[in-house]
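> Chains as they are written, first to last, in the numbering used here: chain H, 1 to 405; chain B, 406 to 810; chain E, 811 to 1215; chain U, 1216 to 1620.
Below: one structure in structure tokens.
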């Protein structure tokens, strides 16, 4: 079960939450052309049109089909076309080919969204009539599927940025990329001891955030602020990308194979560093936090500084302390931790197809914490565990350092 | 020089030819969505929007910029964005990423087309005022660029078919795929001797079709008809795809690596062979010519039959003979020959950037002759040399057999 | 520092340990042909001749060159040829090409070994004359380099097995593969609480085994015995390799891409499972422990059983408990844990080039514990952390299960 | 049939030819270590031990097994192990893994050679007793298999050179690489007309050298000498490798992908060009012919010079003319022609498994003529057609230019 049911939930609450989320997805695409929402820039990213359809598919597949007797599917072939990775549902249209699905077109996908919205809204209006034990099953699934769409909202922005970055005309999307400037970091100190980790029965959480459990931490400090572009430029100018001693062995191979020498969206133009942003090409601002660095780069930077990345337990303990100096924790940049993404002690995946949501990805990925400017605000919480491969740079990911003392 | 100038050409002739060609490109896209013209299904294929832009770029680059003093470019960045492979013009946007160029969108590309059309039409109206020696340079370049757009018109259809074939909904485009049925072939006999090969000063020809030259052929026969689906099914049913003795060594490796056991667009559904066509999924009709076979398959089929593919000289000699029994020569399917694409004796590429049009592709590709149902009718002639890699199947390509006697 | 110096060490002790280790490497190759020690079966494995040279290079590079003034190198080019991955020493001959170094031949490599042995033995004989502070530096480095050669002794056997497995004649090497039979497992219970993890000032340990530190474990059980071939056959026969629900997402992709359906060296011959062993091809014995399974397979098996792999802390705590029922812990098979290989809290790599020994591999690999039949006996201890990528199967690796309670 | 039988052949002739050839293979390996003959440097090259075994396999497979009733195979598993590419014989041990076959070791392969030699010699001694119609079948097969071993003798040297070139110690093998110096070329002129191409009933020829047939050539010239290192240096120094206009499109992609800027074995050391030879590393000598250039490089060089490569028909016609100025034709370097390797008119492959010898490779390869310093002298003739992929550089291949006039 993804969350406790000690919160009373009505159909009207669900409806409000549902509509807000669904509208937000549409608003993300409002200024985009049909071509913009069609293209797929790499296998790891998806077309925005696909995100619009897949999030709709999730409501149809996990809520409407199993729980609404008279629900009529919009198009039977969508079960296959818009299944992302749920083997329990059936085969999946190949991920790297999502950009080839020009049909259904955007208009048809919008019809699909309306069709499912209509059925969901009917469900919410009649929610009080549903038997309590079914309600008890439905509520967490509906919340899960709403949160699922919120996750895709962030991916829509990061996938769009990745796509646009290939265009030499540097398309302008919006001024969404607003960051608090960094200041000189203080090392905030935490004492060794037992700490509680994981969700605390918040209104919603994913299965991977629990069970809540004790862990023992040694003495450590964590930096009050994120690493800035200026800090990272020092690393570059000090030959950081050419110095094997700072890099994990696998990282060193990759940056050499791919000739990497700067963060993903940086470009040097006439001797001046610029970066592609969703607001077009901009000069790199030294006081803003460095972003779109991957785990390998974050780790190398930490080594260069003689520090390290925090574990996810250290990060969570620190932010829960509500230390007054601890800044830029939430909604700025996802912050790489040194923790490989794995099950908490006693973790059990959800029952059924939604059990494939998290658990099967628990290998070779690294945990990020905190949420970014692209994360819906009510989707951010201290126990939230995001995870990506260590060479992934296209998320809004940054660096906060820690140290053992 | 691509063609002789013993035809008197006026601005009005050129205008008519230009407008017909430009309109045809637009009509190909008329029923397609913005998404359809955006997607790119493989590196060898291009988005239809790109074809629309690139063919326009060719007029801008080879005609307007060098010959029209007051021409103002539509967008300077297009020189790079829509350059296909002309190193003499400059760097090229990477081919496999053409599908990522969501901007300029289709509407902007249409504005670009109108902008160039306007300038070209002005040129045609004022053509009589141009100095004769400039006219002499311009006319072949304009014809070349018109023929260039015609080549892309065929690719627009084959690239679209390739794209749509990935869609499990089997999109319907049009009923353009109409083929004459095959009949039992007669082996038409030709005597050994010297024959003349290459263009014969037709109104237009590409540089690779000349110079006209003598060649010596041995006795041979060529089949009066194309190989049918029914013939090819016999090959399949006889285990042709599982029998190494029919296949070139390189072909045998490839079909095994990729588990190929039938022509590109064939699918067996409930025991019945179907094929994806631009008119949707259809049963394979035994009397229609087999299509979308590559050189390797054509060659294996010929070996299985105890025959061989004709050389391009044999094919050209046969069709020039106007033998009354020799059918399905033009405008049905491109017919694979056994000839590696290479320079005719004395071949010289054109001067300037257009010299990159043909010559630099003369390695590892095989010549096809005859034109297909996707080829504009006035773009077909006996000396026309099309060429593709031996593993390419996405063209409308078929099989006609020959034999040494 | 790799180990504490509260053990008094004399030159004669070191000499004995050195000679035993060096002789053992030679004895591993005694029955092999020059061809056997030359070939390299994959980039991750090395020729045995290379192992013989590289372990010698380590003594030359870390001991003789820096500490013996009048040492004369055997061949200057070996610094580059036999450097494995030490960037601080300099560039490295490319790993995948080690099998192409036919020169120096085996005889010359043996001369190289003798040359270095002679210099090392001289050092040991004169050890008492070395200044105490230099001795203090030297002793841990010598022990480290001896242990380094022991690590390679295990790799020599696993790399040899991998090489021989490609040979359809199934070469016989020796009867070294002797395993204790499995019995029905009991689930041994451990209580939640704080436990001490890491080395305990044993005579030798690697830097990655420390610092010793506290960790908090929840209640858990661990199985008394390893998983047997018979157990694993049940998984296979139950369709385990065809059931996505047991597999990590990345694992599922890999086993499908590579058509994996059984442990690495298993072959079905006339309906009967056999496995390639260093003693030739043998029937799979149901009571013996299953081996050469990778992390993905171990994890899938655990899921199928409704259990999980232990963390490395759980494994270490269990074996330190000296529970009388806990069997097959050491010297049988390396046992996969669920722990991603990472730094212990407060970990600092060694100073200098040997600092590259462990730390830079701390990403995307998983920890194995316990040692195998191929591990030198005095190289096994409770805190020892071996690590391999989750798709690596060529080590002597097996499965022990755990459970949260 | 590979050759006419208008030469009377006795068992004693065959024996002599057989023994000479077999001894030569052994002599090639005489100075090599067991390690040298084991390693395989790429999939296209084979270990020398494999060549020794495979050439023996050919006598066993094509002569002894089918024609000698009481022949007992040396080891049944060799049928599979040493089959190169004959599907009619059966499956083949994977080519890229030949270097992993450490067993049979070299000594055993030598026993295998002796075993087959003994049986072959017995056959020759009793040859007169064989029925004439069997003799008639046997003689061409024996000659073919002797010539087959001669082909492998050249490959043994080129594969060895390729292997040794990876070794930074630049192993010395022998002074076999002796070339006649180039002189200033004259353009030798040939008139348009019909010429006869193909074998002329020489004592031996491969099936691909026939049938003899007429072809029509246009006027052309061919250079009297090969291109020298000095000539090629001018091309390099003129930026030839950085100038797309000289390169085929496919070539330009490859040299950029692989950062190629000089012939295969050249290395610039302290500003001075050196090349690896079988006699160790040597300075590049300007007057010696440039070698180890591939088709792409030869073609680019020709374009830079404003000339072209000859067709194979032009080359053959020229050397058959015995023009007194035409030098360095035979036994120096294989000379690239512009001709794609294809069947002569009326070509029929041999019956049986030996029919796979040549025909199935007739795609995407280019013909070389003339033989090299590594080719056995009695294996060279005007009609001989060697063929390699256009990116292959490891043969002793050079450049002779031609021109259309």
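No residue lacks a Cβ here, since even glycine has one placed at the ideal position from N, Cα and C.
Small disclaimer: the values here were computed from a predicted structure and weren't measured.
1) Just to make sure I have the definition right: I need the residues of chain E whose C-beta is within less than 9 Å of the C-beta of residue 360 (chain H). Which are they?
2) Should residue 977 (chain E) be flagged as near chain U, meaning a C-beta pair shorter than 9 Å?
3) Assuming residue 387 (chain H) is part of the beta strand (DSSP E), what are its boundary residues?
4) What are the start and end residues of the alpha helix (DSSP H) that includes residue 928 (chain E)?
5) For residue 1126 (chain E), would you say it is in contact with chain H, using Cβ-to-Cβ distances shorter than 9 Å as the test?
6) Measure from the alpha carbon of residue 1285 (chain U) to the alpha carbon of each residue in U:1329, U:1338, U:1571, U:1425, then state which is nearest.
7) Determine the direct distance from the alpha carbon of residue 1085 (chain E) to that of residue 980 (chain E), and round the result to whole angstroms.
8) Run through the DSSP bridge pairs and tell me what residue 1078 (chain E) is partnered with.
9) Out of U:1367, U:1539, U:1608, which has the shortest C-alpha to C-alpha gap to residue 1240 (chain U)?
10) Cβ atoms of residue 806 (chain B) and residue 790 (chain B): under 9 Å apart, would you say?
11) Classify residue 890 (chain E) as buried or exposed, calling it buried when 16 or more other Cβ atoms lie within 10 Å of its own Cβ.
12) Any beta-carbon of chain E closer than 9 Å to the one on residue 346 (chain H)?
13) Skipping 5 residues on each side, what residues in its chain have a beta carbon closer than 7 Å to that of residue 409 (chain B)?
14) Using beta-carbon positions only, say whether residue 1099 (chain E) and residue 1142 (chain E) come within less than 9 Å of one another.
15) Residues of chain H with a CB under 7 Å from the CB of residue 504 (chain B): which are they?
16) Are the stretch 1156 to 1173 of chain E and the stretch 1121 to 1129 of chain E in contact at 8 Å, needing three or more beta carbon pairs?
17) Under a Cβ-count criterion, where at least 16 other Cβ atoms within 10 Å of its own Cβ denotes burial, should residue 471 (chain B) be classed as buried or exposed?
18) Can you list, in chain order, the residues of its chain with a C-beta nearer than 7 Å to that of residue 1199 (chain E)? Leave out the 5 residues immediately preceding and following it.
19) Label residue 94 (chain H) either buried or exposed according to how many other C-beta atoms from any shown protein chain fall within 10 Å of its C-beta, with 16 as the threshold for buried.
20) Out of curiosity, what's the CA-to-CA distance linking residue 56 (chain H) and residue 487 (chain B)?
21) Quick one: is residue 1525 (chain U) buried, meaning 16 or more other Cβ sit within 10 Å of its Cβ, or exposed?
22) Excluding sequence positions up to five away, which residues of its chain have a Cβ less than 7 Å from the Cβ of residue 931 (chain E)?
23) Can you tell me which of the three DSSP states residue 635 (chain B) falls into?
24) Any idea if residue 1597 (chain U) is buried or exposed, counting beta-carbon neighbours within 10 angstroms, 16 or more meaning buried?
25) Taking only the alpha-carbon atoms, compute the straight-line gap between residue 176 (chain H) and residue 1509 (chain U) and give it to the nearest angstrom.
26) Distance cutoff 9 Å, beta carbons only. Does residue 1173 (chain E) sit that close to anything in chain H?
27) How would you call residue 530 (chain B), buried or exposed, if buried means at least 16 neighbouring beta carbons within 10 angstroms?
28) In whole angstroms, give me the CA-to-CA distance for residue 550 (chain B) and residue 464 (chain B).
29) Closer than 8 Å, Cβ to any Cβ of chain B: which residues of the stretch 1281 to 1303 of chain U, in chain order?
30) To the nearest angstrom, report how far apart residue 1623 (chain U) and residue 1520 (chain U) are at their CA atoms.
31) Give me the DSSP bridge partner(s) of residue 1413 (chain U).
32) Reducing DSSP to helix, strand and coil, say where residue 418 (chain B) ends up.
33) Taking residue 495 (chain B) as the reference, give the member of U:1414, U:1459, U:1428, U:1425 with the closest Cα.
34) Which of the residues in the stretch 589 to 621 of chain B, read from start to end, lie with their CB under 7 Å from any CB of chain U?
35) Hey, out of E:873, E:1168, E:968, E:1009, whose CA is closest to residue 946 (chain E)'s CA?
36) Assuming contact is defined by CB atoms lying nearer than 9 Å, are residue 1015 (chain E) and residue 1214 (chain E) in contact in what I supplied?
Once the coordinates are examined:
1) Residue 360 (chain H) sits at position 360 when you count from the first residue of the first chain. Within chain E, 1054, 1055, 1057, 1058, 1059, 1060, 1061, 1062 have C-beta atoms less than 9 Å from the C-beta of residue 360 (chain H), given in sequence order.
2) As a working note, residue 977 (chain E) is residue 167 in the third chain. Yes, its Cβ sits closer than 9 Å to a Cβ of chain U.
3) Taking the first residue of the first chain as position 1, residue 387 (chain H) is located at position 387. Its beta strand (DSSP E) spans residues 386 to 388.
4) Counting from one through the third chain, the residue named residue 928 (chain E) turns up at place 118. 916 to 935 is the span of the alpha helix (DSSP H), which, as asked, contains residue 928 (chain E).
5) Against the third chain, residue 1126 (chain E) aligns to sequence position 316. No, no contact with chain H.
6) Taking the fourth chain and counting its residues from 1, the one referred to as residue 1285 (chain U) is at position 70. Considering only U:1329, U:1338, U:1571, U:1425, the residue with the shortest C-alpha distance to residue 1285 (chain U) is U:1338.
7) In the third chain, the residue the question calls residue 980 (chain E) occupies position 170. In the third chain, the residue the question calls residue 1085 (chain E) occupies position 275. Taking the straight line joining both Cα atoms gives about 10 Å.
8) Looking up residue 1078 (chain E) in the third chain gives position 268. In the DSSP output, where bridge partners are listed per residue, residue 1078 (chain E) has E:1083.
9) Here residue 1240 (chain U) refers to the residue found at position 25 when the fourth chain is read from its first residue. If we check each option's Cα against that of residue 1240 (chain U), U:1367 comes out closest.
10) The residue you call residue 790 (chain B) lines up with position 385 of the second chain. The residue you call residue 806 (chain B) lines up with position 401 of the second chain. Against a cut-off of 9 Å, the Cβ pair of residue 806 (chain B) and residue 790 (chain B) comes out as no contact.
11) Within the third chain, residue 890 (chain E) is the residue found at index 80, counting from 1. Result: exposed.
12) Position 346 of the first chain holds residue 346 (chain H). Closer than 9 Å to some Cβ of chain E, the Cβ of residue 346 (chain H) qualifies, so yes.
13) Within the second chain, numbered from 1, the residue matching residue 409 (chain B) stands at position 4. With a pLDDT of 45 at residue 409 (chain B), under the threshold of 50, the predicted position of this residue should be treated as unreliable, though the coordinate-derived value follows. Same-chain partners within the cutoff: 606.
14) Working through the third chain from its first residue, we reach residue 1099 (chain E) at position 289. Working through the third chain from its first residue, we reach residue 1142 (chain E) at position 332. Yes, Cβ-Cβ distance for residue 1099 (chain E) and residue 1142 (chain E) is below 9 Å.
15) Position 99 of the second chain holds residue 504 (chain B). By Cβ distance, chain H contributes 39, 99.
16) As far as the Cβ criterion goes, the stretch 1156 to 1173 of chain E does not touch the stretch 1121 to 1129 of chain E, which means the pair count is below three.
17) Position 66 of the second chain, counted from the start, is the residue given in the question as residue 471 (chain B). Exposed, by the Cβ-count rule.
18) What you label residue 1199 (chain E) is simply residue 389 of the third chain in a count that begins at 1. Taking C-beta separations shorter than 7 Å and ignoring five residues to either side along the sequence, the partners of residue 1199 (chain E) in its chain run 1174, 1175, following chain order.
19) What you label residue 94 (chain H) is simply residue 94 of the first chain in a count that begins at 1. The Cβ neighbour count for residue 94 (chain H), taken over all protein chains shown within 10 Å, is under 16; the residue is labelled exposed.
20) Walking along the first chain from the start, residue 56 (chain H) turns up at place 56. Walking along the second chain from the start, residue 487 (chain B) turns up at place 82. So the alpha carbons of these two residues sit roughly 37 Å apart.
21) Mapped onto the fourth chain, residue 1525 (chain U) falls at position 310. Label assigned to residue 1525 (chain U): buried.
22) As a working mapping, residue 931 (chain E) is identified with position 121 in the third chain. Only 825 meet the Cβ criterion.
23) Taking the first residue of the second chain as 1, we reach residue 635 (chain B) at position 230. Residue state, collapsed to three classes: helix.
24) For the purposes of this step, residue 1597 (chain U) is identified with residue 382 of the fourth chain, where counting begins at 1. Residue 1597 (chain U) is classed as buried because its beta carbon has at least 16 other beta carbons within 10 Å across all chains shown.
25) Working through the first chain from its first residue, we reach residue 176 (chain H) at position 176. Working through the fourth chain from its first residue, we reach residue 1509 (chain U) at position 294. Taking the straight line joining both Cα atoms gives about 54 Å.
26) For the purposes of this step, residue 1173 (chain E) is taken as residue 363 along the third chain, with counting starting at 1. It does; some Cβ of chain H falls within 9 Å.
27) The residue you call residue 530 (chain B) lines up with position 125 of the second chain. With fewer than 16 other beta carbons inside 10 angstroms of its own, residue 530 (chain B) counts as exposed.
28) Here residue 550 (chain B) corresponds to residue number 145 of the second chain, with the count starting at 1. Here residue 464 (chain B) corresponds to residue number 59 of the second chain, with the count starting at 1. Cα to Cα, the separation comes out at about 6 Å.
29) Listed in chain order, the positions of the stretch 1281 to 1303 of chain U with a beta carbon within less than 8 Å of a beta carbon of chain B are 1300, 1302, 1303.
30) Here chain U has residues from 1216 to 1620 only, and residue 1623 (chain U) is not among them.
31) Here residue 1413 (chain U) refers to the residue found at position 198 when the fourth chain is read from its first residue. Answer by DSSP bridge pairing: none, since residue 1413 (chain U) is not bridged.
32) Here residue 418 (chain B) refers to the residue found at position 13 when the second chain is read from its first residue. In the structure shown, residue 418 (chain B) sits in a helix (DSSP, three-state: H, G or I).
33) In the second chain, the residue the question calls residue 495 (chain B) occupies position 90. Distance from the Cα of residue 495 (chain B) is smallest, within the candidate group U:1414, U:1459, U:1428, U:1425, for U:1459.
34) Along the stretch 589 to 621 of chain B, going in chain order, the ones with a CB nearer than 7 Å to a CB of chain U are 599, 618, 619, 620, 621.
35) Here residue 946 (chain E) is taken as the residue at index 136 of the third chain, counted from 1. The shortest Cα separation from residue 946 (chain E) among E:873, E:1168, E:968, E:1009 belongs to E:873.
36) Looking up residue 1015 (chain E) in the third chain gives position 205. Looking up residue 1214 (chain E) in the third chain gives position 404. Going by C-beta atoms, residue 1015 (chain E) is not nearer than 9 Å to residue 1214 (chain E).
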